[in-house]
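The structure appears below as structure tokens.
Structure, rendered in structure tokens:
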């Protein structure tokens with residue numbers, strides 16, 4: 390199997406034109422968070438901001454808006470209650486979308502609405518995946534690039550098998566699903582595997598056990614979404630984000646320890662990583 394290289398990951402970062410404006414770098418809609426899951430929205434949107442999206446629109450239930458907005462000043466916010474129509478309106482203005490981080494499984498119908506109406510690249514994570522477990526065929530109707538980011542438990546639910554079966558053949562599980570449904574599949578875990586619809590699979594060499602914490606996946610989803618919003622091809626965006634996500638985790642472990650590092654510490658490592666890449670452009 391191929392390994393993602395630093396050069397491949399760095400290729401997603403382009404020199405910014407001198408006449409750039411926020412529209413140049415895309416508008417990412419993050420449909421994330423629910424009661425008790427405000428942190429997922431903070432981490433996802435925060436990662437998207439750090440990865441260069443021109444505008445991040447955080448779509449949140451009203452109950453967590455005060456928490457998320459107190460932590461993140463840069464996004465705009467689409468706030469909703471029982472009426473999901475404001476989110477669908479915001480979707481029309483987005484250039485990419487992330488859905489599912491901390492979303493809960495209480496409203497699977499809303500996930501289906503997004504999948505039916507979306508016309509921009511999509512990242513489907515966490516509860517976004519859990520909401521389609523019984524109806525994965527809905528993915529076959531997508532007309533846009535989609536990146537799915539399950540951990541082994543979510544992958545097992547999507548395939549209707551055990552976690553042990555997934556882990557026994559991670560490459561085969563990821564590749565079979567990606568080809569069947571025409572999506573890019575990011576099977577998270579030690580040696581994250583990225584599979585494309587054309588059968589290509591690639592493994593990530595970065596990362597460490599200190600990243601095995603709730604919230605790490607929310608960062609990754611936001612990173613992939615930011616690269617998609619800026620125009621990166623879906624497989625390239627997924628590979629670059631996975632590699633850089635792991636690299637940030639390795640830098641954290643080096644000075645904070647695997648035991649003590651936290652997902653939000655990884656966000657603080659991204660500026661130095663991107664500074665190095667920009668100096669090489």
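Residue numbers (this note's numbering): 390 to 670.
Idealized CB from N, CA, C, for every residue including glycine.
Member of 467, 656 and 636 whose CA lies at the smallest distance from the CA of residue 417: When each option's Cα is compared against that of residue 417, the closest is 467.
Taking only runs of the beta strand (DSSP E) that begin and end inside the stretch 539-598, which ones reach a length of at least 3 residues, in chain order? Within the stretch 539-598, the complete beta strand (DSSP E) runs of at least 3 residues are 573-576, 582-584 and 590-592.
One or two residues paired with residue 421 in a DSSP bridge: In the DSSP assignment, residue 421 forms no beta bridge with any residue.
Element boundaries [beta strand (DSSP E), containing residue 449]: Segment 444-450, the beta strand (DSSP E) holding residue 449.
In angstroms, rounded to a whole number, what distance separates the CA positions of residue 651 and residue 665? If you take the alpha carbons of residue 651 and residue 665, they lie about 23 Å apart.
If we count Cβ pairs, one from each stretch, closer than 8 Å, do we get three or more for the stretch 422-440 versus the stretch 451-470? When Cβ pairs closer than 8 Å are counted between the two stretches, the stretch 422-440 is seen to touch the stretch 451-470, the count reaching three or more.
Out of 524, 393 and 637, state which residue places its alpha-carbon closest to the alpha-carbon of residue 612. Checked all of 524, 393 and 637; the closest Cα to residue 612 is 637.
Applying the criterion that 16 or more other CB atoms from any shown protein chain within 10 Å of the CB defines a buried residue, is residue 543 buried or exposed? Buried, since its Cβ has 16 or more Cβ neighbours within 10 Å.
If residue 430 sits next to residue 449, beta carbons under 8 Å apart, how far is it from one beta carbon to the other, in whole angstroms? Taking C-beta atoms under 8 Å as the contact rule, residue 430 and residue 449 qualify, at a distance of about 6 Å.
Are there three or more Cβ pairs, one per stretch, closer than 8 Å when the stretch 396-405 is compared with the stretch 491-504? No: the two stretches stay apart, fewer than three of their Cβ pairs being nearer than 8 Å.
Length of the line joining the Cα atoms of residue 397 and residue 571: Our two residues, residue 397 and residue 571, have alpha carbons roughly 22 Å apart in a direct line.
Indicate the three-state DSSP secondary structure (helix, strand or coil) for residue 456 in the structure shown. Here DSSP, grouped into helix, strand and coil, assigns residue 456 to helix.
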